[in-house]
Amino acid sequence: MTIAGPTSQTFISQRLRLHYVDWGQFDDEGRKKPPLVLVHGGRDHARSWDWTAEALREDWHVVAMDHRGHGDSEWVSDGNYQSGDMVYDLAQLIHQLGVGPVTIVSHSMGGNVALRYAGTFPDMVTKIVAIEGLGPSPKRQAEMRAKPYPERLAEWIGKKRAASGRIPRRYDSIEAAFARMIEENSYLTEDQARHLTIHGVNRNEDGTYSWKFDPHLNVWPVEDVADAFLHQTWAAITAPTLLLYGADSWASNPEGDGRLDHFRNARVIEFEKAGHWLHHDQFDRFMGTLREFL
Numbered sequence: 001m002t003i004a005g006p007t008s009q010t011f012i013s014q015r016l017r018l019h020y021v022d023w024g025q026f027d028d029e030g031r032k033k034p035p036l037v038l039v040h041g042g043r044d045h046a047r048s049w050d051w052t053a054e055a056l057r058e059d060w061h062v063v064a065m066d067h068r069g070h071g072d073s074e075w076v077s078d079g080n081y082q083s084g085d086m087v088y089d090l091a092q093l094i095h096q097l098g099v100g101p102v103t104i105v106s107h108s109m110g111g112n113v114a115l116r117y118a119g120t121f122p123d124m125v126t127k128i129v130a131i132e133g134l135g136p137s138p139k140r141q142a143e144m145r146a147k148p149y150p151e152r153l154a155e156w157i158g159k160k161r162a163a164s165g166r167i168p169r170r171y172d173s174i175e176a177a178f179a180r181m182i183e184e185n186s187y188l189t190e191d192q193a194r195h196l197t198i199h200g201v202n203r204n205e206d207g208t209y210s211w212k213f214d215p216h217l218n219v220w221p222v223e224d225v226a227d228a229f230l231h232q233t234w235a236a237i238t239a240p241t242l243l244l245y246g247a248d249s250w251a252s253n254p255e256g257d258g259r260l261d262h263f264r265n266a267r268v269i270e271f272e273k274a275g276h277w278l279h280h281d282q283f284d285r286f287m288g289t290l291r292e293f294l
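Right under this line is the structure:
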């Protein structure tokens, strides 16, 4: 029997039409399956979770969202992307689905968003997994803040002005975009890279291909919420929390940099021979770890 893929759905959040894919909420006997929300990282898209969704769809009602400015969701008109707005989007998706509490599996920027949601609405989250989702390390934060604020603000204005005139890069063929995907993450297999590329590009009117994400996503705000507020939010999470890290990633392991201390009920697992996208780099081990946690 051929297994059907997900259905494509939309919802409205702050006047934006956002996209998600739904892998089915009922089992073969018509019973509702428990909800599992997959939240992708920056400059990624919902279909990067397809392998995870296919492995879990028989037991879970799997939903994977496209963040604003990503995938098949709309871009914001002013090009400014704030973490608080993305938390609202996730809250709105779960609210409009009419489900809860939910289990969340998230990556990178999506992990940052999902952890804030879990601390803001602790009763709405059963368990949460965040793959490298805590953002820059305390050391990196200190380095960034050592530069005077007016200087950082001036740099941000320059970068935003440059982004406003930037035309999304065009690739002559899908193969050229595929080659760029492989270059970005050498751990990917060719099948993985091709799948991520096919679902990650739009075809332009002239026949070329461009990535779906908004170029303004390369320029983040000068300041986020204060560290103390973020630590309060992490501490408010009541759900069992699993923080996953790749040994070969640029990200700092919170078990060594002190950030784990701000969580009530979290543990860290580090994956060898894996980078920032460890759920792709070590998929079998990731799924084994995930199933055991769930």
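Its first residue numbered 1, the sequence shown is counted upward by one per residue in full-length UniProt numbering. Even glycine gets a Cβ: it sits at the ideal position worked out from N, Cα and C. Since the model is a prediction, treat every value here as computed from it, not as a measurement.
- Collapsing the DSSP output to three states places His40 in coil.
- Of the residues assessed, Trp49 falls on the buried side of the cut-off, its CB having 16 or more other CB atoms within 10 angstroms.
- Straight across, the Cα-Cα distance linking His40 with Ala91 is about 15 Å.
- Rounded to the nearest whole angstrom, the C-alpha separation of Trp23 and Gly42 is 22 Å.
- The DSSP-derived three-state label of Tyr149 is helix.
- Within 10 angstroms of the beta-carbon of Ile128 lie 16 or more other beta-carbons, which makes it buried.
- The C-alpha of Arg203 is placed about 33 Å away from the C-alpha of Asp248.
- Assignment of Pro221 by DSSP, reduced to helix, strand and coil, places it in the coil class.
- Counting along the chain, the unbroken alpha helix (DSSP H) around Tyr88 starts and ends at Ser83 to Leu97.
- For the 9 Å CB-CB criterion, Asp72 and Lys212 form a contact.
- Taking the Cα positions, Leu196 is about 13 Å away from Ser210.
- Per DSSP, Ala236 lies in no alpha helix (DSSP H) and is assigned neither H nor E.
- Residues of the same chain with a CB within less than 7 Å of the CB of Ala251, apart from the 5 flanking positions on each side, are Glu132, Tyr245 and His276 in chain order.
- Burial is judged here by how many other beta carbons sit within 10 angstroms of a residue's own beta carbon; Gly258 has fewer than 16 and is exposed.
- Check the Cα spacing between Asp123 and each of Ala239, Lys159, Leu294 and Glu270: the tightest is with Ala239.
- In the DSSP secondary-structure assignment, Lys160 is not bridged to any residue.
- Taken in chain order, the whole beta strand (DSSP E) runs of length 3 or more contained in the stretch 164-215 are 201-203 and 209-211.
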